[in-house]
Amino acid sequence: MLCAIIRRNGAGSGLRQTRYGLHTTMAISEQRVVVIGAGVAGLAAARRLRSAGARVTVLERASAPGGRVQTLLVEGCRVELGAEFLADFYSRTLELVRELGLAGELRRIPRSAATLRAGRLYPLWPNAAAALTPLVGPRHKVALSYLVGALARHGSRLDTHAFHKAYTLDDVSVAEYARAHLSEEVLEYVLQPPLSGIFYWAPERTSRALLFLALRAGLSRPAGMRLYTMREGLGQLTAALAADHDLRLGAEVETVTPGPGAGYTVHGRAGNLPFALTADAVVVATTASVVPRLLPWLDDRRRAFFSAVTYSMTTLLAVVVRERFPRVTYGMLFPRRETPFLAAATLPTVKNSGFAPPDRDVICLRLSGRAAAALRECSDETLACLMLAELRRLAPGFDPAPRRLSQRLYRCAEALPEFDVGHFHRLQAFASGAIEMPALAFAGDYLGGPFIEGAIISGERAADRLLGRLRGA
Ligand SMILES: Cc1cc2nc3c(=O)[nH]c(=O)nc-3n(C[C@H](O)[C@H](O)[C@H](O)COP(=O)(O)OP(=O)(O)OC[C@H]3O[C@@H](n4cnc5c(N)ncnc54)[C@H](O)[C@@H]3O)c2cc1C
1 MLCAIIRRNG AGSGLRQTRY GLHTTMAISE QRVVVIGAGV AGLAAARRLR SAGARVTVLE
61 RASAPGGRVQ TLLVEGCRVE LGAEFLADFY SRTLELVREL GLAGELRRIP RSAATLRAGR
121 LYPLWPNAAA ALTPLVGPRH KVALSYLVGA LARHGSRLDT HAFHKAYTLD DVSVAEYARA
181 HLSEEVLEYV LQPPLSGIFY WAPERTSRAL LFLALRAGLS RPAGMRLYTM REGLGQLTAA
241 LAADHDLRLG AEVETVTPGP GAGYTVHGRA GNLPFALTAD AVVVATTASV VPRLLPWLDD
301 RRRAFFSAVT YSMTTLLAVV VRERFPRVTY GMLFPRRETP FLAAATLPTV KNSGFAPPDR
361 DVICLRLSGR AAAALRECSD ETLACLMLAE LRRLAPGFDP APRRLSQRLY RCAEALPEFD
421 VGHFHRLQAF ASGAIEMPAL AFAGDYLGGP FIEGAIISGE RAADRLLGRL RGA
């Protein structure tokens, strides 16, 4: 078998054919584990496995690690292609940042995001100060107190490190829940803008269990959630996580087949060259949609589990300009009642002024999930024109056109896994052990929660489960 890898990172030799049967009596240091996917979930799993002594190889189809956490340089300005911030309730992520020696690189985001209604910006709820703003009238604020009571009643099931525990709340969508217990106004101006602007989801396709979990996390500090970025952007975190691993970039896995023994053979391509790698155990840390293709021999029940996970879409337009924008907010969320097209606009230099040279600025516009899906056949040029025209109409003070230096458009076909009604029941099935196999574990934000913290937790837990099985526990 011809084996090849186009780029690699870290120690070790090129891919080799190896033969290790699975012996649970074998020391962990003799076990080879292949991790598929170098997003934060895969990298966190690899780190945990390696520190337990396993010989770990990470295979990543892209030319850089990080998956949906990528910081790009556009005309000297730092732009986040995927994740934009870390939040103060990401306890494991922040611990990992410290373990990696990056605590000094964290930068607190100084301003809140805001919802735009009729040309006026209102600080993002949940935040105690936001409760005082007139985004919605007093009658609707009273309706919100019902939500606070519900959160208190269900508190024991709302654990951001164990989403499956909320499965008993996975009965109606956010839209159905809000219409029955809150108000249309609260749905459209308080709940929908962050769901769309942060996750690219619609309240009709989001479980109320997710809403409760997000609110619980967001309300955990009375003064409001604190958000962080890093000195060089969040790509700094994934670069540090990826360092020193046996990481093979440009290596796309095509299938994973059982055997030899109790292990697996991982088949793929690096450039035009096929490779095959045998392993005692495998962690599949891709998006859920990839799993049925990688494991064509899965039984119907497991295949249905992965196939049921759907993803929102978005498109990013980054526009670099000659002078700085007003510094009132780091991000604007757009209610769908105001625009069906745009979900959000962010100003990276408000998060961290070092993200652009002093004489430049950048604004990042995001299409809503629904618009990105409906307009996916449109050319880049048409999409960019539409997005800029919408911004001009909604917030003319942020129109970049008169000062524009350059712009770039990026499409994201799989942005966030949808935590729709039914997903928490799927997570409960996963937590009960109904999906994994002895030497095969799964990781990703669709299992741990739709954010960096969820992906990291899922990766570390996948590693712990595999280590337990490899040790014969
Ligand atoms: C636009 C956007 C904004 C976001 N904002 C935030 C935010 O502000 N804060 C936050 O905490 N989270 C945010 N997120 C979510 C966060 O980025 C994700 O939850 C997290 O990065 C998911 O990590 P993961 O490892 O599970 O998946 P991924 O990052 O998708 O990693 C999977 C990896 O597997 C690789 N892969 C797939 N198939 C194969 C194959 N066949 N062979 C080899 N490799 C393969 C992929 O290339 C990828 O690198 C955002 C996401 C997006 C898209």
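In terms of the numbering used here, the sequence shown has 285 at position 285, counting the first letter as 1, and numbering is strictly consecutive.
C-beta: ideal position from N, C-alpha, C; glycine also.
In the DSSP annotation of this structure, F85 is not part of any beta strand (DSSP E), being labelled neither H nor E. For F451, the Cβ falls inside the 6 Å cut-off from some heavy atom of ligand 1. Assigned with DSSP and collapsed to three states, P260 falls in coil, not helix or strand.
With a cutoff of 7 Å on beta-carbon distance, L43 and L241 are scored as near each other. Between F398 and L96, the alpha-carbon positions lie close to 36 Å from each other. The Cβ atoms of L409 and T339 do not sit closer than 7 Å to each other. Counting only residues of its own chain and dropping the five nearest sequence neighbours on each side, Y228 has a CB closer than 7 Å to the CB of F85, L86, L106, R107, R108 and I109. Under the three-state reduction of DSSP output, R403 falls in the helix class. Shortest Cα-Cα distance from L273 to any of A202, G250 and A281 involves G250.
In the structure shown, I457 falls within a helical segment according to DSSP collapsed to helix, strand and coil.
Taking C-beta atoms as the reference points, L333 and T115 count as a pair closer than 7 Å. DSSP places V321 in the strand class (E or B) of the three-state scheme. Per DSSP, the beta-bridge partners of T71 are E80. Only exposed fits V148, as fewer than 16 other CB atoms lie within 10 angstroms of its CB. Counting only residues of its own chain and dropping the five nearest sequence neighbours on each side, V321 has a CB closer than 8 Å to the CB of R360, D361, V362, I363, P400, R403, R404 and L405. The beta carbon of G53 lies closer than 6 Å to those of I28 and S29 in the same chain, with the five residues before and after it left out. Checking the DSSP bridge columns, you'll see P274 partnered with R269. Look at I36: its beta carbon is less than 6 Å from one of the heavy atoms in ligand 1. Straight-line measurement puts the Cα of R302 at about 15 Å from the Cα of P258. Ligand 1 has a heavy atom closer than 6 Å to the beta-carbon of C412. Out of P335, T160, F442 and A262, the CA that lies nearest to the CA of V291 is found in F442. Cβ atoms of V34 and H245 stay farther apart than 8 Å, at about 12 Å.
For R303, the shortest C-beta to heavy atom distance toward ligand 1 is 6 Å or greater.
For A441, the secondary structure class from DSSP, reduced to helix, strand or coil, is strand. Spatial neighbours of K351 in its own chain (CB-CB distance under 6 Å, excluding positions within 5 residues in sequence) are listed in chain order as I109, T229 and Y330. Distances from the CB of D445 to the heavy atoms of ligand 1 include at least one below 6 Å.
Rounded to the nearest whole angstrom, the CA to CA distance from T278 to R32 is 8 Å.
For R327, same chain residues with a beta-carbon under 7 Å away, outside a window of 5 residues either side, are V350 in chain order. Ranking P348, E232 and R68 by CA distance to the CA of P450 puts R68 first. Annotation: L237 to P348 spans about 17 Å, alpha carbon to alpha carbon. Bridge partners of Y311 according to DSSP: P417.
Going by C-alpha positions, L386 is about 26 Å away from E418.
For E84, the Cβ falls inside the 6 Å cut-off from some heavy atom of ligand 1. At least one heavy atom of ligand 1 sits closer than 6 Å to the Cβ of R68.
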